[in-house]
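Step one of this worksheet: look at the structure below.
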Amino acid sequence: LIELIVTITLIAVISVTIGVSVSGMLARQKEKDAEDMKATIESAACVYVEINDISGNTSISLDELINEGLLDKDLTNPLDDTTLSGSVDITWNNGEKTCAYDFPGLDE
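Letter 62 of the sequence shown, counting from 1, is numbered 411 in this note's numbering, and no numbers are missing.
Listed below in structure tokens is the structure:
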């Protein structure tokens, strides 16, 4: 009986340890997916600027990028499963453009 209790306790401890590790790994993967999506959105906005020969500071909505075919229609935030919206800010400094999107829930 004691051996059975010890075995069950060990299995429980191992299960909890594995569960915590897997949940942490999933959270890190969601954050990486969000960072990748942010980079994709910013790249699409920079391509849009090049295609349309825009040279001044401006904002480009995600809807506009979707309508141009530069982004998929399904922009779901991997962190909280909400639909992404908003715009990408394009700024120019000494002839260099910067495309920045404020991704909700992503700290950078």
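Note that beta-carbon positions come from the ideal geometry of N, C-alpha and C, so glycine has one too.
Proximal residues to residue i (C-beta, below 7 Å), its chain only, five neighbours per side dropped
i	result
residue 409	394, 397, 436, 437, 439
residue 434	411
Own chain residues within Cβ distance below 6 Å of residue i, not counting five before or after
i	result
residue 528	With the chain represented from 350 up to 457, any question about residue 528 goes unanswered, as that position is not in the structure.
Residue i classed as buried or exposed, judged by whether at least 16 other C-beta atoms fall within 10 angstroms
i	result
residue 390	buried
residue 374	exposed
residue 411	buried
residue 414	buried
Collapsed DSSP secondary structure at residue i in the structure displayed
i	result
residue 370	helix
residue 392	helix
residue 425	strand
residue 406	coil
residue 434	coil
residue 442	strand
Beta-carbon gap between residue i and residue j smaller than 9 Å
i	j	result
residue 441	residue 401	no
residue 432	residue 424	yes
residue 453	residue 429	yes
residue 392	residue 448	yes
Closer than 8 Å: residue i CB and nearest the ligand ADP heavy atom
i	result
residue 359	The ligand ADP is absent from the structure shown, which contains no ligands of any kind.
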